[in-house]
Amino acid sequence: MTPTNRDLRDEIRDYWSDRAATFDDDPGHRIDADMVAWQDLFRRHLGDAQGRALLDLASGTGEIARLCRSLGFAVTGLDWSEPMLERARAKLPDVTFLQADAERTTLPSASMDVIVTRHLVWTLVDPVAAFAEWFRVLRPGGTLLVVDGDFVSRSLLGRIVQIMSPRGPQTESAARHKDILSRVHFSAGARADHVAGLLHAAGFDRIDIDTNLAPIHRAQSAQLGWRKSLLRRSEHRYAISATKPLAS
Ligand SMILES: C[S@@+](CC[C@H](N)C(=O)[O-])C[C@H]1O[C@@H](n2cnc3c(N)ncnc32)[C@H](O)[C@@H]1O
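Numbered according to this note's numbering, the sequence shown terminates at residue 901, and the numbering increases by one at each position without gaps.
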């Protein structure tokens, strides 16, 4: 076998790069009929934008950046996948998108008023390093908003849906996803209280776990179809906001 120094991070980046072309076609990724419900969630945790500097970590195709810009934030996006960045830049030509690892952003300390990230935390290799980095980049008094979920554990409802309507044969992409998921930090699923504990250890305070994502799931239900919609509602999905204390 040819020796290689590719590591898990390279595999994760390549996995997302290979999904970039069709990412927005997947219902639930592109924000559409659910835009107002997402705006409500972000306003609830971040307040009025007032032109504050916001970093969208793991910006993907730019959907969360688009949402935050619509609220009036001065948005910068960051992702490590060039094909994802290409799509985000084409969608939002006036937004700056940087290529970097979210665990080592290279951004100046205290340079952002707000950091948001959707569906990154579950796939972090080293969340302790990542949260320390985000704490550094936020200005004192700044807010972090994490939107994520436990995509491993299945509730009773989730198990019933899977028995009633099993998935077809596993695709190559789904097999890669499963393999990566088995090797990341949150391989047993990113539970909100576990994530909140790590945020607290990184120095964040005023940590608020919000599991009321039902308005978003309701708005998505027509595009998701009944199976995916029920599964989504059965999952442990959440938003966590946290503040960098003023005296830090
Ligand atoms: C599930 S997609 C989410 C995209 C976007 N946040 C959204 O909600 O539409 C995950 C994204 O995270 C990016 N990503 C994963 N780990 C990363 C890391 N350590 N640094 C930067 N980007 C990362 C991937 O390239 C991919 O674009």
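A virtual CB, placed ideally from N, CA and C, is assigned to each residue, including glycine.
Bridge partner(s) assigned by DSSP for proline 680: Arg683
What residue does the beta strand (DSSP E) around phenylalanine 750 start on, and which one ends it? 749 to 752
Closer than 7 Å: alanine 711 CB and nearest ligand 1 heavy atom: yes
Among Ser835, Thr864, Ala753, whose alpha-carbon lies nearest the alpha-carbon of arginine 697? Thr864
Nearest-angstrom Cα separation, counted from lysine 744 out to alanine 845: 31 Å
Using DSSP with H/G/I as helix, E/B as strand and the rest coil, what is serine 840? coil
Nearest-angstrom Cα distance between lysine 897 and leucine 852? 10 Å
Is isoleucine 869 near ligand 1 - that is, is its Cβ less than 7 Å away from at least one heavy atom of it? no
Confirm the yes/no value for this check: CB of isoleucine 833, any heavy atom of ligand 1, distance under 7 Å. no
Shorter than 7 Å, the distance from the beta carbon of methionine 688 to the closest heavy atom of ligand 1, or not? no
What's the gap between the Cα of threonine 776 and the Cα of histidine 830? 10 Å
Give me the residue from Leu883, Ser723, Leu751, Ala753 with the minimum Cα distance to glutamine 815. Leu883
Is any non-hydrogen atom of ligand 1 found closer than 7 Å to the C-beta of leucine 745, if you look at the structure I gave you? no
Classification of serine 826 by the beta-carbon crowding that lies within 10 angstroms, buried from 16 upward: exposed
Taking its Cβ as the centre, do 16 or more other Cβ atoms sit within 10 Å of leucine 661, making it buried, or is it exposed? exposed
Pairwise C-alpha distance: valine 769 and alanine 755: 11 Å
Would you say tryptophan 733 and alanine 753 are within 8 Å of each other, going by their C-beta atoms? yes
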